[in-house]
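Participant: Please find one structure pasted underneath; my questions will follow.
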Amino acid sequence: MASYSRYTRWQRRGPPERRRESFLPELPLGKLISVILKDELVRGYEEFVSTARISDWKYLASYNWGETEKPLIIVPGKPPLWTPLKEQRRLPQDSGIYPRDRNGYNFPNHPFQAAVLSILTMQPEPPKMGFDVVCCSSTFGYLVSFCNETEPRPFRMHVEIIGGAMHLLRRERSPRELIPDVKGHGHTFPEANTTWGIGLKGSTSHQRLTRYKFGGLNIIQRAEIDACLDTPNKSPSDLATRSRSPSPEQKRQPNVDELTERVARTNISPTTPASSSSDIALYYNPVSETPQSALIDIKTRSIARKTQDTLSEQLPRLWRSQTPNFVLAFHDRGLFADVQVKDVRAEIKKWEAGHARELAQLVALLRNLARVVDARPGKKVEIRATGNTVLEVREQLGNAGKAFSAGVRERWEAWLLGARDGVAAGEKKDGALEIAADEGSAADIKEKSRVSLDSGLEKESTACLEKRG
495 MASYSRYTRW QRRGPPERRR ESFLPELPLG KLISVILKDE LVRGYEEFVS
545 TARISDWKYL ASYNWGETEK PLIIVPGKPP LWTPLKEQRR LPQDSGIYPR
595 DRNGYNFPNH PFQAAVLSIL TMQPEPPKMG FDVVCCSSTF GYLVSFCNET
645 EPRPFRMHVE IIGGAMHLLR RERSPRELIP DVKGHGHTFP EANTTWGIGL
695 KGSTSHQRLT RYKFGGLNII QRAEIDACLD TPNKSPSDLA TRSRSPSPEQ
745 KRQPNVDELT ERVARTNISP TTPASSSSDI ALYYNPVSET PQSALIDIKT
795 RSIARKTQDT LSEQLPRLWR SQTPNFVLAF HDRGLFADVQ VKDVRAEIKK
845 WEAGHARELA QLVALLRNLA RVVDARPGKK VEIRATGNTV LEVREQLGNA
895 GKAFSAGVRE RWEAWLLGAR DGVAAGEKKD GALEIAADEG SAADIKEKSR
945 VSLDSGLEKE STACLEKRG
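Residue numbers 495 to 963, in this note's numbering, belong to the letters of the sequence shown in order.
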C-alpha cells in the first residue's frame, strides 16, 4: 500500500520493488566521437581563475511535487519548515523506497519538464540576458567532481543545446532508479522535525530554480532543498530546539490528497499529448518567496562518527546550491540528543577560494564541451566518465528519451531565445559560450515567444484547476 512521507520521499512498504528496480543493467553506449582530456583543462584554466566563483545569485521559480495518480506540481513551492521536536524521541530506521531522482521518478517521460513549467509560470517574461547553461545540482556536481583531483565520480549525462543554452541532463539507468540499501535515519529524522506549510501538506519534495553567474557564464540550476527556517535573522543556534506548535493557519491547511481530488475533477485532457503541458497537472498556489538565507540542508550521523568532519564532506554540494544553513544531527540508535544548526556561509566561501584551480578547470570544461556539442548534428551528445582523466563524448542513442515534450520544448526554446534577444544585436556578451544558436530574425524570436507564452500553462492546467476547484 502506498503512503505519503512528510519529507521529500514517497514510500511503498515492502522490499520487493526496491530490489527489482535498484539493480538495473548498464544502458548501451553510443559511438565514441571524441574525448576531453583532464590534462587539456589543466593547461588552459589560468584565464578563468579570477571569475570561477558564483555571483549574482537570483531566485527564478520553485515547485513542490505531490504524489498523485497524475503527476502534480504546486507552483510556486516552499520547503518544509524546520520545526524540531521539543523532546526528541527514538526514531525508527528508514524503510520503504527512495528515488535517486525525484523528478525522473514522478515523470519519467520528461524528467526536466516540471522545472521548465515552473519557470514559464513564474517568469513569463524572460530576463534580458543570454543563458549559457541549464543544469541541476547533480549534473553540475558530476562535472565538479571530474575536475577534482581526489574525488572522481563515475557518471553519464546527456548534453543538448536548446535555445542557445547547453543543457546538462541526468542519464540514470532508469528515470525511476531507486537508491539501494538505504539505512540509518536520513529520512525519518527530517520527517519528524519539519512541517509542510499552508497548501503544501503531503508534498514529497521541494525543487528550487535559480540563476547565477559562474566563470562569465549565466547558469540556470535546479536543486532540491531539505527545509527552511522561519526566522532567518535569528542565530541558528537558537533554532535547534524551537517549539513545533503549529499556527492556526497550519492547522487548517489543505493537503495534497485534496488537491488530488481537485485534479481528478478537472478532467484535463491534452489535445495532443506530445505537445501539451497537462501531462503534469499544475496547481498555482501563491505563497511568499522563501529567502535564500532561510534555506537549510539536513544530515544525520551516528554518534560514533561525531569526530568525523561531516561538514567538509558536504561543502561542495552546499556550494552548488548556496545553502547557507546546515543541520547536523547525531543519534544513538535513533535517539537524537545532539542537533546542531549552523550558518555555514563563511565555510562555503572558504571552500570556493580554496578550490579556485579546480573551479577554473570546470569553466574551461564547460566551454570546451559547448564547442564539441555545437559542432554535432542535432547539437546533442552523451558524455561519460569513469574517473577524472578522460571525458568520453559519445553519440546519443535513439532510445535516449527527451527532457521535454514537444510543446513544452517549443515554449522553453522561445523563452530562452527571448532572453538572448535582450542582448543588443551584434553585441557579444562577455564570457558567453561560443554557440551558434538557430535564432532566426529578432522578429521571428519575438513572435515565437509571443505565441508560445500566449498558449501558456494557465490555459492548460492552472486556470482549469482554479476554475473547477
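Just so you know, even glycine gets a beta-carbon here, dropped at the ideal spot from N, CA and C. Note that the structure is predicted; figures quoted are calculated from it, not measured.
1) Restricting to Cα atoms, I'd like to know which of PRO810, ASP720, ALA798 and MET660 is closest to ILE713.
2) Rounding to the nearest angstrom, what Cα-Cα distance links PRO574 and PHE683 in this structure?
3) Can you give me the start and stop residues for the beta strand (DSSP E) that GLN701 sits inside?
4) According to DSSP, LYS564 sits in a beta bridge with which residue or residues?
5) Which runs of the beta strand (DSSP E) at least 3 residues long sit entirely within the region 641-678? Give them in chain order.
6) Examine the Cβ distances between the region 683-703 and the region 553-572 and report whether three or more of them are shorter than 8 Å.
7) Which full runs of the beta strand (DSSP E) of 3+ residues lie inside the region 564-649, going along the chain?
8) Once DSSP output is grouped into helix, strand and coil, what is the label at LEU870?
9) What are the boundary residues of the beta strand (DSSP E) that includes ILE530?
10) Could you round the C-beta distance between LYS572 and THR704 to whole angstroms and report it? I think they count as a contact, below 8 Å.
11) How close, in whole Å, do the beta carbons of ARG878 and ILE527 come, if the pair is a contact with beta carbons under 8 Å?
12) Just the C-alpha distance for PRO578 and ALA864, rounded to the nearest angstrom, thanks.
13) Exposed or buried, what is ASN893 when buried is set at 16 or more other beta-carbons lying within 10 Å of its beta-carbon?
14) Straight-line CA distance for ARG670 to ARG650?
15) If you run the structure through DSSP and keep just helix, strand and coil, what is ALA900?
16) Quick one: is LEU637 buried, meaning 16 or more other Cβ sit within 10 Å of its Cβ, or exposed?
17) Assuming contact is defined by CB atoms lying nearer than 8 Å, are ASN862 and LEU723 in contact in what I supplied?
18) Give the DSSP-derived three-state secondary structure of ILE842 in the structure shown.
19) Given 8 Å as the limit, is there contact between the region 641-648 and the region 607-618, that is, 3 or more CB pairs closer than that?
20) Run the CB neighbour count on GLU540, radius 10 Å, all protein chains shown included, and call it buried at 16 or more, exposed below.
21) Report back the beta-carbon spacing between ARG547 and ASP595 to the nearest angstrom; my notes put them in contact at under 8 Å.
22) How is the alpha helix (DSSP H) around ARG811 delimited, first residue to last?
23) DSSP on TRP559, reduced to helix/strand/coil?
24) Helix, strand or coil: how does DSSP classify LEU927 here?
25) For the region 563-570 against the region 684-692, do three or more pairs of beta-carbon atoms, one drawn from each stretch, fall closer than 8 Å, so that the two count as touching?
26) Please confirm whether GLN834 and LEU822 have their CB atoms less than 8 Å apart.
27) Express the C-alpha separation of GLY624 and ARG851 in angstroms, rounding to a whole number.
28) Let me confirm a value: LYS695 is counted as buried when at least 16 other C-beta atoms fall within 10 Å, else exposed. Which label applies?
29) Determine the direct distance from the alpha carbon of ALA831 to that of PRO620, and round the result to whole angstroms.
30) Which word fits TRP909, buried or exposed, when buried means at least 16 other C-beta atoms lie within 10 angstroms of its C-beta?
31) Which residues share a DSSP beta bridge with GLU783?
32) Between PHE601 and PRO565, what straight-line distance do the alpha-carbon atoms span, to the nearest angstrom?
33) In three-state DSSP terms, what is TRP690?
Facilitator: Taking the geometry as given:
1) MET660
2) Cα-Cα distance, rounded: 13 Å.
3) 697-708
4) Looking at the DSSP assignment, LYS564 forms no beta bridge with any residue, so it has no partner.
5) 649-656 and 659-664
6) yes
7) 566-569 and 627-630
8) The sequence given here has Arg at residue 870, not Leu. Residue state, collapsed to three classes: coil.
9) That run of the beta strand (DSSP E) goes 526-531.
10) With a Cβ gap of about 15 Å, LYS572 and THR704 do not count as contacting.
11) 11 Å between Cβ atoms; not a contact.
12) 45 Å
13) Note on ASN893: under 16 other CB atoms within 10 angstroms of its CB, so exposed under the neighbour-count rule.
14) 16 Å
15) The three-state reading of DSSP puts ALA900 in helix, counting H, G and I together.
16) buried
17) Taking 8 Å as the Cβ cut-off, ASN862 and LEU723 do not qualify as a contacting pair.
18) helix
19) no
20) exposed
21) The pair is not a contact, with the Cβ atoms about 28 Å apart (cut-off 8 Å).
22) 804-815
23) strand
24) coil
25) At 8 Å Cβ cutoff, the stretches do not touch.
26) yes
27) 26 Å
28) buried
29) 47 Å
30) Flag for TRP909 reads buried.
31) Paired residues: none, contrary to the question.
32) 7 Å
33) coil
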